[in-house]
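Asks: Going by full-length UniProt numbering, the sequence shown opens with residue 1, and the numbers climb by one from there. The C-beta atom is built at its ideal place from N, Cα and C for all residues, glycine as well. Could you have a look at this structure, given as structure tokens, before my questions?
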Amino acid sequence: MKNPLFYAKILLFGEYGIIENSKGLTIPYNFYQGALKFEPSEIAEQSNAHLKNYAKFLEDNFADTFDTKSFSEDVANGMYFDSNIPQGYGVGSSGALVAAIYDKYAFDKIDINQNLNKEKISELKALFGNLESHFHGKSSGIDPLICYMNIPLLIQSKDDISTIGLPAADNNGKGAVFLINSGTPGETAPMIHIFFEKMKKEGFRKTLKEEFIKYNNACIENFVKGEYNPLFSNLQKLSAWGYEHFRPMIPQKLVNAWKTGIDTDTYYLKLCGSGGGGYVLGFTQDYDKAKSYLKDFQTEVIYKF
Numbered sequence: 001m002k003n004p005l006f007y008a009k010i011l012l013f014g015e016y017g018i019i020e021n022s023k024g025l026t027i028p029y030n031f032y033q034g035a036l037k038f039e040p041s042e043i044a045e046q047s048n049a050h051l052k053n054y055a056k057f058l059e060d061n062f063a064d065t066f067d068t069k070s071f072s073e074d075v076a077n078g079m080y081f082d083s084n085i086p087q088g089y090g091v092g093s094s095g096a097l098v099a100a101i102y103d104k105y106a107f108d109k110i111d112i113n114q115n116l117n118k119e120k121i122s123e124l125k126a127l128f129g130n131l132e133s134h135f136h137g138k139s140s141g142i143d144p145l146i147c148y149m150n151i152p153l154l155i156q157s158k159d160d161i162s163t164i165g166l167p168a169a170d171n172n173g174k175g176a177v178f179l180i181n182s183g184t185p186g187e188t189a190p191m192i193h194i195f196f197e198k199m200k201k202e203g204f205r206k207t208l209k210e211e212f213i214k215y216n217n218a219c220i221e222n223f224v225k226g227e228y229n230p231l232f233s234n235l236q237k238l239s240a241w242g243y244e245h246f247r248p249m250i251p252q253k254l255v256n257a258w259k260t261g262i263d264t265d266t267y268y269l270k271l272c273g274s275g276g277g278g279y280v281l282g283f284t285q286d287y288d289k290a291k292s293y294l295k296d297f298q299t300e301v302i303y304k305f
């Protein structure tokens, strides 16, 4: 039997803010994908070793929820996660793995094709957060949730998540949402540590609440409605705020490019995931013009309008 594919995800808006109950908007990204397989290869050995550790984690913590015996037997027989989702790039490599394991080995699996309500989504998110915590400490569970459900999700708050429709992409449009490759992976745990250290300061907590969350939530509302003029006005503020307050999380190679976007009003950058490396997200109303400023970087369009 062919195992199902699980795709990458992109958190368009809400990085760090969702920890503090801001809104978030996340979409599947089908360019990258992974599936559980048994074909031997060099990659298989490395992945299989990680799965051996995870099998122990499941046995110790989730024996009532998962068929840990079958999972451990399959891992012993060489099963691995065959994935082209880059690790440490903020696009959900561990989320896709957790989704694949849940799909194949959970006892009472929640079927996303049947009567899915907010309570079920919330239940899934909580379980996924615990399952993903093995990989990088505290996890919101959003990444595996989007990888499992494979449809855009609107996060209103920690306990209020729903599916949402987005404006249809226009493949001939000048505007684009795109990824920029910083060239090096990032590590989630150290970035989250920096964030929580910042949260100890009252001034940062105040600006996060009064400015970042305000711009972030406005961007989501504009994007969902396809209102691009107010979207870019709010993106400019969001990007400038990120440049000032999330500087330690911005990949070093992209600091100048981030500032150039704001100074020229050609494109605006924001973190994709926790930062530190991996991808950064870009938004522009003229992708060709943005590319002329970003010619030294590898860019990848994910949505055109």
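With three or more C-beta pairs closer than 8 Å as the rule, is the segment 117-124 touching the segment 66-74?
Replies: no
Asks: May I ask which residues mark the beginning and end of the beta strand (DSSP E) holding Leu269?
Replies: 267-271
Asks: Along the chain, where does the alpha helix (DSSP H) containing Pro230 start, and where does it finish?
Replies: Taken as a continuous stretch (DSSP letters only), the alpha helix (DSSP H) holding Pro230 covers 228-245.
Asks: Any idea which residues DSSP pairs Gln33 with across the strands?
Replies: Paired residues: Tyr7.
Asks: Our contact map puts Ser94 next to Glu132 with C-beta atoms below 8 Å; I'd like the distance itself, whole angstroms only.
Replies: 6 Å
Asks: Taking the alpha carbon of Ala49 as the reference point, which residue from Phe81, Phe246, Lys201 has its own alpha carbon closest?
Replies: Phe81
Asks: Can you tell me which of Tyr293, Val301, Pro152, Lys118 puts its alpha carbon nearest to the alpha carbon of Lys158?
Replies: Lys118
Asks: Evaluate Met1 with the Cβ neighbour count: other Cβ atoms within 10 Å of its Cβ, from every protein chain shown; 16 or more gives buried, anything less gives exposed.
Replies: Here Met1 scores only 43 on pLDDT, less than 50, and its place in the model should not be relied on; the value that follows carries that caveat. Exposed, because fewer than 16 other Cβ atoms sit within 10 Å of the Cβ of Met1.
Asks: Quick check on DSSP: helix, strand or coil for Ile161?
Replies: Strand, per DSSP.
Asks: Who pairs with Val280 in a beta bridge, going by DSSP?
Replies: Answer by DSSP bridge pairing, in chain order: Ile180, Leu271.
Asks: Below 8 Å CB to CB, which residues in the same chain sit around Pro40 once its five sequence neighbours on both sides are set aside?
Replies: Cβ contact annotation for Pro40 (same chain, cutoff 8 Å, sequence separation greater than five): Gly78, in chain order.
Asks: Are Ala8 and Val91 closer than 8 Å when you measure CB to CB?
Replies: yes
Asks: List the endpoints of the continuous beta strand (DSSP E) containing Val301.
Replies: For Val301, the enclosing beta strand (DSSP E) covers residues 299-304.
Asks: Please list the terminal residues of the continuous beta strand (DSSP E) segment that includes Asp82.
Replies: 80-83
Asks: According to DSSP, which residues form a beta bridge with Thr68?
Replies: Thr68 pairs with nothing; no bridge assigned.
Asks: Please determine, among Leu5, Ile10, Ile19, the residue with the shortest C-alpha to C-alpha distance to Lys209.
Replies: Answer by Cα proximity: Ile19.
Asks: Between Leu179 and Leu281, how many whole angstroms is the CB-CB distance? I'm expecting something under 8 Å.
Replies: By a beta-carbon distance limit of 8 Å, Leu179 contacts Leu281. Their separation comes to about 6 Å.
Asks: With distances taken Cα to Cα, identify the nearest neighbour of Lys291 among Ala169, Gly175, Asn171, Asn217.
Replies: Gly175
Asks: Mind checking which residues open and close the alpha helix (DSSP H) that includes Leu97?
Replies: 93-105
Asks: Quick one: grab the DSSP three-state call for Val19.
Replies: It is Ile, not Val, that sits at residue 19 in the sequence shown. Helix at Ile19.
Asks: With DSSP as the reference, label Leu294 as helix, strand or coil.
Replies: When secondary structure is reduced to three states using DSSP, Leu294 falls in the coil class, being assigned neither helix nor strand.
Asks: State buried or exposed for Phe196, treating a residue as buried only when at least 16 other CB atoms are found within 10 Å of its CB.
Replies: Counting C-beta atoms within 10 angstroms of its own C-beta, Phe196 has fewer than 16 neighbours from the protein chains shown and is therefore classed as exposed.
Asks: Taking the alpha-carbon positions, what's the Ile101 to Pro86 distance?
Replies: 18 Å
Asks: If I follow the unbroken alpha helix (DSSP H) through Gly141, where does it start and stop?
Replies: No alpha helix (DSSP H) contains Gly141, which DSSP labels as neither H nor E.
Asks: Could you tell me the boundaries of the alpha helix (DSSP H) in which Gly261 lies?
Replies: 255-264
Asks: Since Phe13 sits in a beta bridge, which residues does DSSP pair it with?
Replies: Per DSSP, the beta bridge partners of Phe13 are Leu25.
Asks: Contact check, Leu269 vs Gly261 under 8 Å by CB: the rounded distance?
Replies: 5 Å
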